[in-house]
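Scroll down for the structure; my scribbles are underneath it.
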Amino acid sequence: MKEKLAPVWLLAGRELRDQFRDWRILFPLIVLTFFFPLLTNSFAGEVIGFMNRYGGDLILDRLVPFSILIIGFFPVTVALVVALESFVGEKERGTIEPLLSSPLLDWQLYLGKLFVGIFFPLLASYAGISFYLVLISHQNLNLPPTMQILQLLALTFAHSVLMVSAAIVVSTQATSIRAANLLASFIIIPVALLIQGESILLFWGGNDQVLWMATLGVLMLAVILIRVGIAHFQREYLLGREVDTLNLKWLGSTFWQEFRGSGSTLWAWYQVQVGGALRRLRTSILLVFVLAIASSVTSYVWVSEIAPTYLSKMSTEEIGTMVDELTASGGLTSLNENVSFGYIFSHNLRAVVVMLILGVFSFGILGELLYIVNIGVIGGLLAGLQYVGFSAFDLFINGILPHGVFELSAILLASAAVLYFGAVLITPSPERTMGEVIVVSLADWTKIFVGLVVPLLFIAALIESYITPGLLLNVM
Amino acid sequence: MIETKNLSKAFQDFWAVDDVNLDVEAGQILALLGQNGAGKTTTIRMLTGLLRPTRGWAKIDGRDVVAEPTAIRSSVGVLTEQHGLYLRMTADEYLDFFGRVYQLDADKRKKRSDYLLEYFGLARAAKRRIGEYSKGMRQKLALARTLIHEPPVLLLDEPTSAMDPESARLVRDEIANLRSSQRTIVICTHNLVEAEALADRIAIIYQGKILVNDNLDALKRKVLGSPEYEVLFSEDWDFPESSLPKGVEMLSQEARGFSFRTSAPEETNPLILRELGHVNAPVLTLQKKQRSLEQVYLKVMADAQGQGGLQ
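Sequences listed follow chains A and B, in order. Residue numbering for the first sequence is 17 to 492, as defined by my numbering. Residue numbering for the second sequence is 4 to 314, as defined by my numbering.
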């Protein structure tokens, strides 16, 4: 392994030496590293003074962890240019071909670039944070606890790895530095939003472990991005394309060919296209089925355990409202008289599309989370209703099963297609470009959606609006 | 050593290389000639496994370029169209870096690097940043990089394009040396004099297809016809066409000489000389007319363009 990693360090070392010889990279990094902590410190002081003048009760110490998070993030956004131009820059300068013609393996090339990409942002971030800590200790402010500093350093590391791994993916796929730089906003803005979420955890998380969990989550996403990058790293792609063009005609025809196939009848389409997609989804279907069972059982057990303590603190009115809310989200919408066929159908369709959209931007992860929450609610709902005196078994047989057979099958299939989409994206595909992989996977998802999910949801909505209410009235 | 069968590459609906068949033995030099965009670089890139053939296959030393790309890249030295130099490095750092990439030990790296820098006249500039080098120096350094690991196969894209005549000569000598050490070399070039001086075989590629592929003499015969000879007189003399033996075609006739074409010079030329002696013609010389690769190339290209592309 040491021998296999040697070329990685060789590449990284060369590039690091190169970067250290470039004042255009060093100068802004040094300035930002020391200027930004000063600016943050002075700005935080001003804000606190202003708030306190109008009756606020803030002390500067409370803002220190947040400032550390921001000071760590800011230099990464600037140093990201190193990662963004890693491959595409070499391509533009014509230095990539001798490297690609050498016996270096794809992953060695990729990791070499990744390490250099991470090194500079991290160096700048840690230098900035260190300088800031020195600064506030000289102001007689309290430093955050050591554990929290470690958490923030770990989180900064995770942010750097995440952003750089995304930037390297962009760099392998872009055909010019200009395009890569423009695409950088698709990295910086989501991570900035992520940091806002983490700030909420920082101020109001209330649990020491929550930042570790956030770090772990960010790192997992970074690992997936690295995997995607290596899976779709193609020497041919780096050399073969010279111009950035959005070929809508090609996109449309590839999607349509993949979606429609060669069959001339609807039955043939179902047999070949939908059947083929289903065969490819076999493992994903099995996985999401297991996930569904696990999440329902877990939520059932969990709610059964917490319900006595939780419900004893609530008034009858509050319990009623909660039951209404739970029934609405748990598939018992038919209890509500205002719910029509159209509402149910469109609501379920929307949920499936949202699952796809979230899945597309997170390699299937967020889509699956939404699915797990949706299915899990059923178990929790049955446990809750059982606690307030209903029979969970009767409710399930009469209130969920009749339409659930269709609705849950539809959601399970859509979810499996989203999971498959993510899995395909992180699987190497030397025959296809990343664009082709995405288009073909979307076509597969659409086949499942149009061919199975929509009809199943249609039938489910019919049953839920016209049959389930009658059945439920018998048991409630 | 290098073998391709129906090697083809399509970019969407454009065939950059179309059914290319090559066979280059060890110790041979193949010159690949053609216009810009004819498919030379794409062919080279397929031979190094950088581009995956759409159709057909290519083997180097019996190894398939798609199945064993890493082994292929270890045994091939590629001089790319662009020099691909890291301008902030010094020449010795650069060669050392690529020596490491090709996994040479420290001793070997130093020896090869020193030899190549010395050979190409870059030793005195070895500690200077490459950014300060002239175009020709950069080209020489790129060639040194190609040779650092002493590869048995060399794929050279325009090896002397930016060089002064002295440096170009130096490079040509080195290429000739490499051939004598049984290396297999493919040169893509627009320099026909260079190709003529170095190549054992010449292939002309046009719109992705190989139009001709043979040694120079055979190409001249095929493309330009049988050899042409020229007789010069020391004074004006009239030599009638009817005096020429059967099978000899008179091409031109002037007061001080004439030229002719024959497919069997061993048989016809002694007869012509005998006839000239018999009539006491004041013969100064009888010599074969020199026909250049340039004539072959231009004829092949003119035919191809006239026919809309293909033979």
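Idealized CB from N, CA, C, for every residue including glycine. Note that this is a predicted model, so its numbers are computed, not measured.
- Secondary structure note for G37 of chain B: its beta strand (DSSP E) is the uninterrupted segment 32-37.
- Around R259 of chain B, the same chain offers L235, F236, D239 as residues with beta carbons nearer than 7 angstroms, after the five sequence neighbours per side are excluded.
- For R78 of chain A, the nearest beta carbon of chain B is not closer than 8 angstroms to its own beta carbon.
- Think of a sphere of 8 angstroms around the beta carbon of F100 of chain B: the chain A residues whose beta carbon falls inside it are L26, R30, in chain order.
- Comparing alpha-carbon positions, the option among B:S255, B:E233, B:R264 lying closest to V286 of chain B turns out to be B:E233.
- Using beta-carbon distances, P119 of chain A counts as an interface residue toward chain B, with a partner under 8 angstroms.
- Around the CB of D160 of chain B, 16 or more other CB atoms lie within 10 Å, so the residue is classed as buried.
- V244 of chain A sits away from G128 of chain A, with the two beta carbons spaced by 8 angstroms or more.
- Counting C-beta atoms within 10 angstroms of its own C-beta, R194 of chain A has fewer than 16 neighbours from the protein chains shown and is therefore classed as exposed.
- Its chain contains G392, G395 as the residues whose beta carbon lies nearer than 8 angstroms to that of T314 of chain A, once the 5 sequence neighbours on both sides are disregarded; these appear in chain order.
- At a cut-off of 8 angstroms, the C-beta of L255 of chain A has a neighbouring C-beta in chain B.
- Those residues of the segment 48-80 of chain B placed with their C-beta closer than 7 angstroms to a C-beta in chain A are R48, T51, L53, L54, R55, T73, R76, S77, ordered along the chain.
- Here W18 of chain B is bridged, per DSSP, to B:A13.
- G110, T111, E113, P114, L116, S117, S118, P119, L120: these are the residues of the segment 92-120 of chain A whose beta carbon lies less than 7 angstroms from some beta carbon of chain B, given in chain order.
- Assignment of T281 of chain A by DSSP, reduced to helix, strand and coil, places it in the coil class.
- Look at R295 of chain A: its C-beta is not under 8 angstroms from any C-beta on chain B.
- Checking the DSSP bridge columns, you'll see S262 of chain B partnered with B:E233, B:S255.
- With a cutoff of 8 angstroms on beta-carbon distance, V27 of chain B and T45 of chain B are scored as not near each other.
- Around I211 of chain A, the same chain offers L85, I86, F89, H175 as residues with beta carbons nearer than 8 angstroms, after the five sequence neighbours per side are excluded.
- Across the set B:Q210, B:A206, B:T57, B:I213, the C-alpha of B:A206 shows the shortest separation from the C-alpha of D220 of chain B.
- By the criterion of a C-beta distance shorter than 6 angstroms, I204 of chain A is surrounded in its chain by T93, once the five residues flanking it on both sides are discounted.
- Contacts between E252 of chain A and chain B, judged by CB atoms closer than 7 angstroms, involve L53, L54, R55 in chain order.
- The Cβ of D34 of chain A sits closer than 8 angstroms to at least one Cβ of chain B.
- Rounded to the nearest angstrom, the gap between the Cα atoms of L214 of chain B and H86 of chain B is 29 angstroms.
- In this structure, the CA atom of Y148 of chain A is about 31 angstroms from the CA atom of L198 of chain A.
- Under the Cβ distance rule, R37 of chain A counts among the residues neighbouring chain B, one pair being separated by less than 8 angstroms.
- Bounds of the beta strand (DSSP E) holding L159 of chain B are 156-160.
- The beta carbon of E153 of chain B sits closer than 6 angstroms to no other beta carbon from its chain once the five residues preceding and following it are set aside.
- In the structure shown, the three-state DSSP call for D220 of chain B is helix.
- Relative to L195 of chain B, the option among B:V156, B:E297, B:V79, B:A41 whose CA is nearest is B:E297.
- Per the C-alpha coordinates, the member of A:T188, A:T270, A:S280 positioned closest to Q250 of chain A is A:T188.
- Looking at the DSSP output, L289 of chain B bridges to B:V234.
- With respect to chain A, the C-beta atom of T7 of chain B has no partner C-beta closer than 8 angstroms.
- Cβ neighbours of L227 of chain B within its own chain (closer than 8 angstroms, five residues either side excluded): R294, Q298, V299, K302.
- Look at D167 of chain B here: in three-state DSSP terms it is coil, with no helix or strand label.
- Assigned with DSSP and collapsed to three states, D108 of chain B falls in coil, not helix or strand.
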